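Once you know that position 56 of the sequence shown is 49 in our numbering, the rest is easy, because the numbers rise by one and skip nothing. For every residue, glycine included, the Cβ atom is placed at its ideal position computed from N, Cα and C. Computed from a predicted model, the values in this text were never measured in an experiment.
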Amino acid sequence: MCGIIGVVGAPDALDILLEGLARLEYRGYDSAGVALAGSGETWRARTAEGTESVAALGHRLGALR
-6 MCGIIGVVGA PDALDILLEG LARLEYRGYD SAGVALAGSG ETWRARTAEG
44 TESVAALGHR LGALR
């Protein structure tokens, strides 16, 4: 199954996205990813593949907070 989550204009967007992905995690997935754009329109993307959990993805994204 596929699940897509989007957040616009929230200062805590990363936390909201990770919580949403965690809620979808029980469905099983091949991959998950997060893309963020700051005020300078620079996009940052990170992905989790295979058995990496959303929690592990969140840990790797810690530098973006």
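query: Helix, strand or coil for G51? Go by DSSP, reduced to three states.; result: helix
query: Short of 7 Å in beta carbon distance, which residues of its chain neighbour I(-2), apart from the five on each side in sequence? Order them along the chain.; result: L10, G13, L14
query: Counting only the same chain and skipping the five closest in sequence on each side, list residues whose C-beta sits under 6 Å from that of G51.; result: L11
query: Let me confirm a value: A41 is counted as buried when at least 16 other C-beta atoms fall within 10 Å, else exposed. Which label applies?; result: buried
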